[in-house]
Amino acid sequence: MWQGKVVAIFIAPEAELPMKSVSEVKAVPGKGLEGDRYFNATGTYSRKFGPDREVTLIELEAIESVQRDYDIPLKPHETRRNIVTEGVPLNHLVGKTFKVGEVLMKGIRLCEPCQHFERLARKPGALKALVHRGGLRAQVLTEGIIRVGDVVCPCDEGG
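Sequence positions in the sequence shown follow this note's numbering and run 1475 to 1633.
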């Protein structure tokens, strides 16, 4: 069984604003991460709100591979994902429950990159570089605080 960790947390209060690094954030079921654009219904895609818009995660390893494999210097906050993990096989968590610190989540679908991301990141080629490794969209199932350094692990029931 694997066990990873949270290496960074980012939120943005409104659509297209720069992502802000925080050391901890409150996760709320049905809303997402307190202070984030989707929690506040001010994100670019807030009209399409659903459980797949509550929180996004991305692997640090995927971000590092963009630099290594495509020579694109992409920083974690430029991915516009909320939680950066290390040692977590995010693609395998679609349809599974897992814990991020004290918070229970469910993987909903892959978070494929889009033109909007590439435009905001100002990194030509980043979209192509992150196809199928752009992260995971997840639903918050229990309320709690997520902190940098928290353990990320699968749950016994199918995680």
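Glycine residues also receive a C-beta, built at the ideal position from the N, C-alpha and C atoms.
Grouping DSSP H, G and I as helix and E and B as strand, with all else coil, what is Leu1491?
Residue mapping note: residue 1491 aligns to position 17 of the sequence shown, counting from 1. Reduced to three states, the DSSP call for Leu1491 is coil.
So, is Glu1538 buried or exposed, given that buried needs 16 or more other C-beta atoms within 10 angstroms?
Looking up residue 1538 in the sequence shown gives position 64. Glu1538 should be labelled exposed.
Count the other CB atoms within 10 Å of the CB of Met1579; is the residue buried (16 or more) or exposed (fewer)?
Along the sequence shown, one-based indexing puts residue 1579 at 105. Met1579 should be labelled buried.
How many Å lie between Ala1612 and Arg1542 at the Cα?
Along the sequence shown, one-based indexing puts residue 1612 at 138. Along the sequence shown, one-based indexing puts residue 1542 at 68. Ala1612 and Arg1542: Cα-Cα distance of roughly 27 Å.
C-beta contact flag for Val1540 and Ile1546 at 7 Å:
Within the sequence shown, the letter at position 66 stands for residue 1540. Within the sequence shown, the letter at position 72 stands for residue 1546. Yes, the Cβ-Cβ distance between Val1540 and Ile1546 is below 7 Å.
Nonlocal neighbours in the same chain, by C-beta distance under 7 Å from Val1605, ignoring five residues either side
Here the question's residue 1605 lines up with position 131 in the sequence shown. Closer than 7 Å at Cβ, skipping near neighbours: Glu1586 and Pro1587.
What span of residues does the beta strand (DSSP E) with Val1626 cover, start to end?
Sequence index remark: in the sequence shown, residue 1626 carries index 152 (1-based). Val1625 to Pro1628 is the extent of the beta strand (DSSP E) around Val1626.
What would DSSP say about Thr1616, mapped onto helix, strand or coil?
Position 142 of the sequence shown, counting from 1, holds the residue named residue 1616. Correct three-state label for Thr1616: coil.
For Thr1616, does the count of other Cβ atoms within 10 angstroms reach 16, so buried, or fall short, so exposed?
As a working mapping, residue 1616 is identified with position 142 in the sequence shown. So Thr1616 counts as exposed.
Among Met1475, Pro1628 and Gly1506, nearest to Ile1485 - alpha-carbon criterion
Here residue 1485 is taken as the residue at index 11 of the sequence shown, counted from 1. Closest by C-alpha distance to Ile1485, out of Met1475, Pro1628 and Gly1506, is Gly1506.
Closer than 6 Å by C-beta to Phe1591: which residues in its own chain qualify, once you throw out the five before and the five after it? Chain order, please.
Here residue 1591 corresponds to residue number 117 of the sequence shown, with the count starting at 1. Answer for Phe1591: Arg1554, listed in chain order.
Glu1535 (DSSP reduced to helix, strand or coil)
Residue 1535 sits at position 61 when you count from the first residue of the sequence shown. Glu1535 falls in the helix class under three-state DSSP.
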